[in-house]
Structures are given as structure tokens and as C-alpha cells.
Amino acid sequence: MNSESPWLALLLNPGTGVLIALLLAAAWIDWRTMRIPNWLTVAGMCWGLLWNAVSAPTVMEGVLTAVGGLALGLGLFLPLWLLRVMGAGDVKLMAMVGAFLGALATFKAIVFVGLAGGIVVLAYAVANGSAGRLARNVRDLVYSAALPGVPAWRPSEATPSLGRLPYGVSIAAGTIAYLLLRQLG
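So for the sequence shown, UniProt numbering puts the first residue at 1; every next one is plus one.
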């Protein structure tokens, strides 16, 4: 077996191949515009639902798989949008991923997305000389989450946010890494 076969298998599969294409498109658009368009995420959710419906042993099983993954992706990322930590396009993109992968695989992919996001944030902070600010913000966030009576953390003038990052890039990188490792395993 040559080294290209896991990638080739992923790309030729109508489920994962389309998902990877949509993720790459979303990452590119997010990188350039800081937005992920609804036409991309909604079309992806529909394709994930359809793909699962026709590829599962029964249509109902496929639909339930897609809806479960979509709900998990949406449910885990929606609070981050409500806290204004993440954009709505990022939330919908993770829901789209869920529609393709189902709940269990979506949960696993989210772990990889979080790792990719952490790497991107660290690289951004180091490149922009704001690693100290990042460390203070993380410290304050942990204190407010772990200590009773400490008010909920919000970026302030004393500890401003690092700025906006195109998180669709991290969602794409983490999900594709998960898919590849799953294919290899």
C-alpha cells in the first residue's frame, strides 16, 4: 500500500470527500473574509444528512446519525457563540461536520479541533508578541471558572482579547486530521 492511499480513500468517498472539500472551502473563505457563508454550511448539512440517509443500513438510522452529530456539533459550540468567543459561522460549520460524522465521531473530531485551535492561538500570540496577554487571560478565565464567588471572566481593557481569529481554519484542520488518523487506524 502506498502512502497516498489513506488520502485517496478519504477523498474518493462521497461522504468524506465532500466534507473535506467543504471544510477547505470554509477555511479559505474564513481566512480571507473572517466569515463562513450560510450557503456553504447549510448545503453541507443537507449533503451530510442525505449521505448518511443513503449510506446507512436504513434511512432512519442514517438520518438519526446525521441529526445526532449535527445537534452535538451545534450544542457544544453554541455556548461559545453566546459568550462571544466564537462566530455563528464557526458554530454552523461544526454542526455541518456533525451532520457528516454522527455524534461519536463528531465528539472525537472536536477534540482534534480544540487541539488545532490551541496551536493556532499560541502561534498567533507568539507571532504578535501577545503571549503574556494570552497567559493572563487564560489564568483569569480559569480562576473565574474554578473559584466560587469570582465573577465570570470577560475580556476587559485590563486584559483585552487577542483579537479575532478565523476559527474555521482550526475546524477544518482538526476535522481533517481526525479523519486521516481514523482512516489510518
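The beta-carbon is built from N, C-alpha and C at its ideal position, and this holds for glycine as well.
Going straight from the alpha carbon of glycine 73 to that of isoleucine 171, what length do you get? Cα atoms of glycine 73 and isoleucine 171: separation of roughly 11 Å, rounded to the nearest angstrom.
Own chain partners of methionine 1 with C-beta closer than 6 Å, once the 5 adjacent residues on each side are dropped: Bear in mind that a pLDDT of 43 at methionine 1, under 50, signals an unreliable position, so the number given afterwards is only what the model happens to contain. Closer than 6 Å at Cβ, skipping near neighbours: no residue.
8 Å CB neighbourhood of glycine 15 in its chain, flanking five on each side removed: Excluding five sequence positions before and after glycine 15, the CB atoms of its chain that fall closer than 8 Å to its own CB belong to Gly48, Trp51, Asn52, Ser55 and Phe100, given in chain order.
Under the three-state DSSP convention, the category valine 85 falls into: coil
Where the alpha helix (DSSP H) containing methionine 45 begins and where it ends: If you look at methionine 45, you'll find it in the alpha helix (DSSP H) that goes 38-55.
Can you tell me whether leucine 122 is buried or exposed? The criterion is at least 16 other CB atoms within 10 Å of its CB, across all chains shown. exposed
Proline 166: buried (16+ other C-beta within 10 angstroms of its C-beta) or exposed? buried
Who are the near neighbours of threonine 65 in its chain, counting only those whose CB is closer than 8 Å to its CB and skipping five residues on each side? Asn52, Ala56, Gly102 and Ala103
What residue range does the alpha helix (DSSP H) around leucine 19 cover? Going by DSSP, leucine 19 is part of the alpha helix (DSSP H) stretching over 14-33.
The alpha helix (DSSP H) with threonine 58 in it runs from where to where? First-last for threonine 58: undefined, no H or E at that position.
Same chain only: Cβ atoms within 7 Å of valine 169, ignoring 5 sequence neighbours per side: Ala27, Asp30, Trp31 and Val120
Straight-line Cα distance separating leucine 184 from arginine 136: In a straight line, the C-alpha of arginine 136 is about 39 Å away from that of leucine 184.
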